[in-house]
Each structure stands twice: as C-alpha cells, then as structure tokens.
Amino acid sequence: MRCAVKLAACSDGCVEEGNFNGVPLYEKPLLRSRWIMDEQLHRRQISESMTWQLGRRSHLQRTGRVLCLDGGGIKGLVMTQMLFVVEEALGRPIQDCFDWISGTSTGGFLALMLCMGKSVQDVQSLYYNLKEKVFVGGRPYEAGPLEEILINEFGEDTVMSSIRSPRVMVTSTLADRLPPDLHLFRNYESPMSVLGMQEDSVFMHTQPPDKQKIWLAARCSGAAPTYFSASEKFLDGGLVGNNPMLDTLTEIEEWNMAVRAKGREAEVFTPTVVVSLGCGKPPVMLVETVDLTIPSLLDVRRGLQAMYNLFNVLVEQACSSEGRVTDRARAWCSSLHVPFFRFNPQLSQDVALDEHDDECLMRMMWETRAYMKSQAKVLAQLKPLLVEPGPLSTPTRVRRSSHILQTSLADAPDTPHKLLSGGNSPEEEVSFHSTLVDCNMERSERMLPEASPSHPATLEPPTTPDYVSSSEAPCSSPEEACEGSVKTPSSESPPEAASNNLD
1 MRCAVKLAAC
11 SDGCVEEGNF
21 NGVPLYEKPL
31 LRSRWIMDEQ
41 LHRRQISESM
51 TWQLGRRSHL
61 QRTGRVLCLD
71 GGGIKGLVMT
81 QMLFVVEEAL
91 GRPIQDCFDW
101 ISGTSTGGFL
111 ALMLCMGKSV
121 QDVQSLYYNL
131 KEKVFVGGRP
141 YEAGPLEEIL
151 INEFGEDTVM
161 SSIRSPRVMV
171 TSTLADRLPP
181 DLHLFRNYES
191 PMSVLGMQED
201 SVFMHTQPPD
211 KQKIWLAARC
221 SGAAPTYFSA
231 SEKFLDGGLV
241 GNNPMLDTLT
251 EIEEWNMAVR
261 AKGREAEVFT
271 PTVVVSLGCG
281 KPPVMLVETV
291 DLTIPSLLDV
301 RRGLQAMYNL
311 FNVLVEQACS
321 SEGRVTDRAR
331 AWCSSLHVPF
341 FRFNPQLSQD
351 VALDEHDDEC
361 LMRMMWETRA
371 YMKSQAKVLA
381 QLKPLLVEPG
391 PLSTPTRVRR
401 SSHILQTSLA
411 DAPDTPHKLL
421 SGGNSPEEEV
431 SFHSTLVDCN
441 MERSERMLPE
451 ASPSHPATLE
461 PPTTPDYVSS
471 SEAPCSSPEE
481 ACEGSVKTPS
491 SESPPEAASN
501 NLD
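Under this note's numbering, the first residue of the sequence shown is numbered 1, with each subsequent residue one higher.
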C-alpha cells in the first residue's frame, strides 16, 4: 500500500517531517547510515562552497559550469528523466546551461547529442531505438544496427570540431596496449597539442578533432565487452572511467596548465559548479561467500563459485560509478571551493545494461521521477548557479506533460510509455517510502549567506520551488510522476499566475 499524504507515525524510510516524499524503498537498506552521512556531507559541501564564492567574488560567475554523465547502457533513460526535470526547472535547454560536458558510453551518446543541439526527447528516442533494434537476440550484439543508428543521428561525415560550444569530452579505452589507457575524444585542442607535442609511438595514432567523426567517437565509447565488438582498437570508456567526474576535473586542470605554459591566460577554465548524473544505484546485496581462491580441480563446485565471485568483484569494481569515486570528486571540488551536485536515484532492482522489458524500464523511470521530485530544494540551490536571474530563468513550459515519456511510434513501436495508458503501476509490487532521511535540511539551508547590499541574494533558494510540486504532496501513481511537467502553483502565487501555469 502507498503511504497516506499525512502520516500519523513516521516509519523507517520516511522524511523526518513525517510526509511521503515519493522515493521508493527496497527491502533492507543495508547501507542506510552511509547514505545519510553522504547526504549531510553533500549539503555541507554545497553550502560552504557557495559561501566561499560569495565572499571572494564581486559577482556570481557562470562561465565554468561542468556536467558529467555516467555510463550505463539502456539505463541512460534514468539520466534523460533527470534532465527533463532539470531543464524544466531552468527554463532553458540543457546545452545552454553548461560550458563543459563529458560522458562515458551511454553518457557519451547523451553528451554528443546535447552538444549538437538535439533535445533530451531526441536522446530518449535514441534509447528506445537501441532497445528495439540493437538489443535483439543474445550477446554479443551485432554492431551494424548500432552504427546505423549513430550515423543517422550524428551524420556520417560530421567531425568533432564542428561542435563549437560547449566543450565536449567523451571517454574511451585504448586496448592496443597493456595496461590499457584512457583516451578522450574532444571537440577542442588537447593539452598535449597545446604544448606542441605529438604522440610518436608504435601504437595506434588517434585523430585530432577536425578529423575525428562524431558517430565513430560514440561507437568507440560504447564498445562494451561481451555486448559489442571492439571499434578499431577502442573499448568502452567505462572500463577506465565509468563515472567521468575525476577524468573531467583532471582534463580541466591539464588544460589550464598547458595554456598557462604557453602564455594563454585568457583561455584558463575555472570551474564554478560541477553537476554529475548517474544511471541509478542498484540495491546493495549481502554476499554470503567471499572466498576468491580457486581450490583443487577435484572440488568443482567450490571452484566455480570462487570464479563467479571473482568475476563479479572485478566487473563491479571496474565499472564502479558510485561510492569512493563520488567521494573523491566531492573532496576535489571541496578543495577548489566549487559546489558539487550529484544526482543518482536508488533503484528498487538491478537493471541490466541491455534490459528490454518494458515494465522494468517503466519502473526505473518512475522511480527516477519520484527521486527528482524529492530533490526540489537541491534543484533550487542549483538553479542560480546555472542561469542568470531574470525573466529568462523563470521556468517555462519547455514541453507539455504528454511529451515526457513519449516518442515516435514509428521509431519505437513498443516503448515503455505505452504502459502509462494501460494502468500498470509499480506500486502493486513494492512499497514506496523514502530511501533517504532528509536530515538537517533546514539547518543546512540556514548556513547559506544572507543577502546584503554588496551581495544581492541571487543564491537564495525559494522555499517552495515553482517548477515542481512540494515534497509534501505525493504522486498517487507513476503516471502522475511522469506527467509532472504541469507545474503546481505555490500557495502564495496570485490566481492569475496559477491559471496561467495550469493552462
């Protein structure tokens, strides 16, 4: 059963105010205390960084906005759902709100499409096409359909340098050497090229931005082992950096050192905010057996179990995009006094990279929308860091609610959005409580600096954001969450504004 709007007694998993906030709770959250600590550190880092920036800058700069997109296969649909909410909150296209965008694998697809001027809806349609036309049959999948889709999206001869703005960086793995090396596809001059150095070795020569085709860069970044064959000598970027945050910050620092060495101080890039999007956190599972040693050949059962455990440890660690990777990025940003925002919903079940079951994908997207609804206060803090205050930053109807989970039937005849009209609801099987306690939110907000004549209060987040309904008003169904782009007016809004919003 779903939680009531007002609870008589708050149970484990609900926000401390005692109200349902729309985030699902899977069974036995084993790392709940760690989640709570991460939330408190996250809020503290944002508050202290924003305070530092206000105290040392005459005005809020918006020229160092960084967006990082994780890898995750079809779970890129999680990122499109989050971007729908962020874009509606900002009232502008995502690509206009960032100056440097990076991505790995499926996040690389998303980064390249956004930087080419395509909408989030276009990216979502791409993922539906991947589900219907590429993830067909068994692994490994044929690379031909994937390459055909990428050529149709990016053009056969379009090169990376044709993307003028923003800067885009896509990760891949050079597998023609041991140990493998990280390679970055860029639309700008590499730090090595800035210094006048050329790679002269026996290994494969990589292409500069003016010769590197965009579709091929996307193909190389998404060449996941066991799913697709290698592209030339490139493998999936997730093998080295499934979460590209640290690689992006490193690339920015190397760029700055290179241009300073050449006396090009005007080209130094100073990050002012870092936003990172994940593809959803799977449930934490309890492992009974941790023995990874392979016994004698006579004990076949134990040998197979040990090999299976070893394989899982290696794969999970190689493709890790959460945990200490995020902690390191947050610590790095904290040392630079740069606000760091990480959005990654907790999923109720593990979703495969090539998942094609509509109900599973529908549940995943519903949980993402519910999660973003609970992040209203965080989005309110993020908004002034990305857009200038004024009429243009007022949330507008970027798209009607029916477009949130909609795509062309010709492109994807059996997409998950059909489940909306069928009345299928994830609530029939799982309980929807909060996975995170909203600890010390009010205390964290009080830490933000108050307005003064010398520092206008451009960073003061609104108490009730007008781009999403309050967390105290729950969605009664997945349909209502996915159709949440029709804004709920604040109680303090005049009747005229309310009627306009509900048109």
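All residues carry an ideal CB built from backbone N, CA and C; glycine is no exception.
Exercise. Could you have a look at D411 and say whether DSSP puts it in helix, strand or coil?
Key: Here D411 scores only 42 on pLDDT, less than 50, and its place in the model should not be relied on; the value that follows carries that caveat. Here D411 sits in coil by DSSP.
Quiz item: According to DSSP, what are the bridge partners of D236?
Solution: S172
Exercise. Would you check if the region 136-154 and the region 224-241 touch, i.e. whether three or more CB-CB distances between them fall below 8 Å?
Key: Verdict: yes, contact present.
Quiz item: Looking at the unbroken alpha helix (DSSP H) that takes in C333, where does it start and where does it end?
Solution: R324 to L336
Quiz item: Is Q504 helix, strand or coil when you go by DSSP?
Solution: With the chain covering only 1 through 503, there is no way to say anything about residue 504.
Exercise. For R177, I'd like the list of residues in its chain whose CB is within less than 6 Å of its CB, leaving aside the five on either flank, ordered along the chain.
Key: F203
Quiz item: Got a sec: does the ligand GDP put a non-hydrogen atom nearer than 8 Å to the Cβ of V120?
Solution: Inclusion of the ligand GDP in the displayed structure is not the case, the ligand content being empty and no account of it being possible.
Quiz item: So, are the CB atoms of Q349 and R363 less than 9 Å apart?
Solution: yes
Quiz item: Should T63 be labelled buried (16 or more other beta-carbon atoms within 10 Å of its own) or exposed?
Solution: exposed
Quiz prompt | Identity of the residues DSSP links to S102 by a beta bridge | solution = C68 and M169
Exercise. Kindly indicate which three-state DSSP category K373 falls into: helix, strand or coil?
Key: The answer is helix: DSSP assigns K373 an H, G or I state.
Quiz item: Can you tell me the Cα-Cα spacing of F340 and M372, whole angstroms?
Solution: 17 Å
Exercise. Quick one: grab the DSSP three-state call for Q212.
Key: coil
Quiz item: Per DSSP, what kind of secondary structure is F340 in: helix, strand or coil?
Solution: strand
Quiz item: Once you ignore the five residues that flank P179 on each side, which residues in its own chain have a CB closer than 8 Å to its CB?
Solution: none
Self-check item: Neighbourhood of N530 by C-beta distance below 6 Å, restricted to the same chain and skipping five residues each side
Solution: Residue 530 is absent from the structure shown; the chain starts at 1 and stops at 503.
Self-check item: Any 3 or more C-beta pairs closer than 8 Å across the region 159-171 and the region 92-103
Solution: yes
Exercise. Measure how close the beta-carbons of V194 and A266 come, nearest whole angstrom, since I'm counting them as under 8 Å.
Key: Not a contact, Cβ separation roughly 13 Å.
Quiz item: Is the region 30-45 close to the region 234-253, with three or more CB pairs under 8 Å?
Solution: no
Quiz item: Below 9 Å between beta carbons: does that hold for D236 and S172?
Solution: Going by C-beta atoms, D236 is nearer than 9 Å to S172.
Quiz item: Does the region 182-197 come within contact of the region 245-261, defined as at least 3 CB pairs closer than 8 Å?
Solution: The count of Cβ pairs closer than 8 Å, one atom from the region 182-197 and one from the region 245-261, reaches three, so the stretches are in contact.
Quiz item: Just the Cα atoms here: how many angstroms apart are S221 and I36?
Solution: 34 Å
Quiz item: To the nearest angstrom, how far is it from the Cα of L419 to the Cα of I74?
Solution: Residue placement at L419 is flagged as unreliable, the pLDDT there being 37, under the threshold of 50; the coordinate-derived value follows with that caveat. Answer to the nearest angstrom: the Cα atoms are 18 Å apart.
Practice problem: Grab the span of the alpha helix (DSSP H) containing D357 for me, first residue to last. | Solution: Careful: D357 lies outside any alpha helix (DSSP H) and carries neither H nor E.
Exercise. Look up V284 in the DSSP assignment and say whether it is helix, strand or coil.
Key: coil
Quiz prompt | Nearest-angstrom Cα separation, counted from W215 out to P510 | solution = This structure cannot speak to residue 510, because the chain is shown only from 1 to 503.
Quiz item: Going by the beta-carbon positions, is the gap between Q346 and K281 smaller than 9 Å?
Solution: yes
Quiz prompt | Residue environment, H183, which counts as buried when at least 16 other CB atoms sit within 10 Å | solution = buried
Quiz prompt | Nearest residue (CA-CA) to D38, options R342, E388, E355 and E359 | solution = Residue R342 is the option with its Cα nearest to D38.
Practice problem: Would you kindly check if the distance between the Cβ of Q121 and the Cβ of M160 is under 9 Å? | Solution: no
Exercise. Identify whether L146 lies in helix, strand or coil by the three-state DSSP scheme.
Key: helix
Exercise. Would you list, in sequence order, the uninterrupted beta strand (DSSP E) runs of no fewer than 3 residues that lie entirely inside the region 225-277?
Key: Counting only runs of 3 or more, we get 234-236 and 273-277.
Self-check item: Alpha carbon of V134 to alpha carbon of T51, nearest angstrom
Solution: 48 Å
Exercise. Check whether the Cβ atoms of G72 and V78 sit closer than 9 Å, and answer yes or no.
Key: yes
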